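**Q** When we follow the numbering used here, the leftmost residue of the sequence shown carries the number 436, and every step to the right adds one. C-beta atoms are modelled at their ideal positions from N, C-alpha and C, and glycine is treated no differently. Bear in mind that the values here come from a model prediction, so they are computed numbers and not experimental data. Mind looking over this structure? Questions follow.
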Amino acid sequence: FGNVRNKMASDIFIKCREEGLVNGLVFDEIRRAVPGRVMAELLTETMHSGRRKKPFKDWMLRDLPRSWKANVVERKPKKKNASTKKNKNKKNTTNNKAEENKPAP
């Protein structure tokens, strides 16, 4: 079972790497899914290119070659705009007024 998981996770990582789509999620998941020896095999190419000489478990996304991340498009989280907050406040105010106008039982 472990070998199947390692092969599937490695294949997905290699495909992402080839297409320049390794982002934080992909990198975190491959590190979580495979043992250190498999991770070492996947990152060996970068070690030979004179990249960082630190243990693979300490690697971060920025330690990977740019080509592996070249096509990643990061979206910034949407900020709640002021009009959304105002509309929520209006709803709450309207609900409070409706409750105030209800006759007492």
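Using CA atoms only, rank isn't needed, just tell me which of K442, L478, D493 and N438 is closest to R452.
**A** Position 17 of the sequence shown, counting from 1, holds the residue named residue 452. For the residues K442, L478, D493 and N438, the minimum Cα distance to R452 belongs to L478.
**Q** Start and end of the alpha helix (DSSP H) containing R497?
**A** For the purposes of this step, residue 497 is taken as the residue at position 62 of the sequence shown. From DSSP, R497 is part of no alpha helix (DSSP H); its letter is neither H nor E.
**Q** When you compare each of L460, N516 and K442 to V469 by their alpha carbons, which one comes out closest?
**A** By 1-based counting over the sequence shown, the position of residue 469 is 34. V469 has its Cα closest to that of K442, out of L460, N516 and K442.
**Q** What are the boundary residues of the alpha helix (DSSP H) that includes R466?
**A** The count along the sequence shown starts at 1 and reaches residue 466 at position 31. From DSSP, the alpha helix (DSSP H) with R466 extends over G459 to A468.
**Q** Suppose you measure from the CA of E454 to the CA of E480; what does that come to, to the nearest Å?
**A** Taking the sequence shown and counting its residues from 1, one reaches residue 454 at position 19. Taking the sequence shown and counting its residues from 1, one reaches residue 480 at position 45. Answer to the nearest angstrom: the Cα atoms are 16 Å apart.
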